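Comments concern the structure below.
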Amino acid sequence: MKGECLCGNVKFDIEGEIRNLYHCHSPLVSTDWLQDNLANDRLVLIDASMVNVIGREPIVYDAPVFIPGSYRIDLEGTLCDTESPQVHAFPTEAQFTAEARRLGITPESLVVLYDNQGIYSAPRAWWILRAMGLKQVFVLDGGLPQWLAEGRDTVSTPVAEAATPGTEVGKLDRSLVRDSGYVFEHLEDEDVTVIDARSQARFLAQAPEPRPGVRGGHIPNSLNLPFAEVLEGYRFKPASQLADTFAHLAPSLHPGSGQQLVFSCGSGITACIILLAAELAGYSRLSLYDGSWADWGSNEALPVT
């Protein structure tokens, strides 16, 4: 079977696919690549769509639609720590491990995630898997809408569970997931920059927050990059355009600066869109403020601009 690197049209066989995916340094795969690899026994294809879509007009489907061979994960249930008071809290290591077993994920698996909005919640799932220790995990650029627009085959039901349980065990890298304590401690640190994916109106407290009890405004010294600005249609903008977008946020913001970038949004979902965009643009010291503005804005002890 042949595959294709998203960024360079490089052809390769199954034995070379992972090497070439890493050689292109992209966390994305194309619909062409996925089509060519649907029968690859290393592939674990996951629909990471969410029921609740906030911050954009949702694409609504008349009936369930999946790419053939897809599993389904629940970012608001089985991959969310529902015992935490935090909205959309990162899952526990035990939760992740249980899902990895159900999905048949092993250290050799090539995991591809997509969602039914194009690019919305798949980056959140991608960052969860990355933070839990998976290296071979990618996002389908354009997701289900791009797949459908190209007239590719679909099915009406996902795969329930893998025939052989997975062996991957989650171990959270806590440097990739930050809390309010870390953000507060580094408010004046020039080497740490918080970037907020909410709309400008919410960032400036000109529009109400969708969650009750959450103040308007933003984290002091944070920058605003609405997640829609890194997208073009259903897909991410080219890496060169993304690099320009981040460079325009602040004069000191460039991949060689060595800055720690912490990404925030309403509750830690769309923050992962601009986090993934930052990786595409060449940044490497990336982390997610899990809980994001729902956490910060509801805590009266924390400062708000």
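Its first residue numbered 1, the sequence shown is counted upward by one per residue in full-length UniProt numbering.
For glycine and all other residues, C-beta sits at the position ideal for the given N, C-alpha and C.
Predicted model only: the values in this text are computed from it and were never measured.
* Per DSSP, what kind of secondary structure is Glu-150 in: helix, strand or coil? -> The sequence position of residue 150 within the sequence shown is 150, counting from 1. Coil at Glu-150, not helix or strand.
* Hey, how far is the Cα of Thr-167 from the Cα of Ile-105? -> Walking along the sequence shown from the start, residue 167 turns up at place 167. Walking along the sequence shown from the start, residue 105 turns up at place 105. Cα to Cα, Thr-167 sits roughly 6 Å from Ile-105.
* To do: Can you give me the start and stop residues for the alpha helix (DSSP H) that Leu-242 sits inside?
  => What you label residue 242 is simply residue 242 of the sequence shown in a count that begins at 1. Here the alpha helix (DSSP H) through Leu-242 covers 239-249.
* **Length at least 4, wholly inside the stretch 131-200: the alpha helix (DSSP H) runs in chain order** => 143-149 and 180-185
* **Beta-carbon proximity check, Asn-116 vs Ser-49, cutoff 8 Å** => Working through the sequence shown from its first residue, we reach residue 116 at position 116. Working through the sequence shown from its first residue, we reach residue 49 at position 49. Result yes, Cβ atoms of Asn-116 and Ser-49 sit closer than 8 Å.
* To do: Within its chain, find whatever has a CB closer than 6 Å to the CB of Ser-267; leave out the 5 residues flanking it on each side and keep chain order.
  => Translated into positions along the sequence shown, residue 267 becomes position 267. Val-87, His-88, Ser-292 and Ala-294.
* Below 6 Å CB to CB, which residues in the same chain sit around Gly-258 once its five sequence neighbours on both sides are set aside? => Numbered from 1 along the sequence shown, position 258 holds the residue referred to as residue 258. Excluding sequence neighbours, Gly-258 sits near nothing in its chain.
* Asked: Among the residues of its own chain, which have a CB less than 8 Å from the CB of Gln-35, if the five just before and after it don't count?
  -> Residue 35 sits at position 35 when you count from the first residue of the sequence shown. So the qualifying residues of the chain are Arg-152.
* What three-state label does DSSP hand Phe-236 in the structure shown? -> Start at 1 with the first residue of the sequence shown, and residue 236 comes out as number 236. Three-state DSSP puts Phe-236 in a strand.
* Status (buried if at least 16 other CB within 10 Å, exposed otherwise) for Gly-77 -> The residue you call residue 77 lines up with position 77 of the sequence shown. Looking at its Cβ environment, which holds fewer than 16 other Cβ atoms inside 10 Å, Gly-77 is exposed.
* Asked: If you follow the beta strand (DSSP E) that Gln-260 is part of, which residue opens it and which one closes it?
  -> Position 260 of the sequence shown, counting from 1, holds the residue named residue 260. It spans 260-264 - the beta strand (DSSP E) in which Gln-260 sits, taken as one unbroken run.
* Mind checking which residues open and close the beta strand (DSSP E) that includes Ser-287? => Indexing the sequence shown from 1 puts residue 287 at position 287. Counting along the chain, the beta strand (DSSP E) containing Ser-287 begins and ends at 286-289.
* Do the stretch 194-202 and the stretch 224-233 make contact, defined as three or more Cβ pairs closer than 8 Å? -> yes
* Leu-288 versus Arg-42: straight-line alpha-carbon distance, rounded -> Counting from 1 along the sequence shown, the entry for residue 288 is found at position 288. Counting from 1 along the sequence shown, the entry for residue 42 is found at position 42. Answer to the nearest angstrom: the Cα atoms are 28 Å apart.
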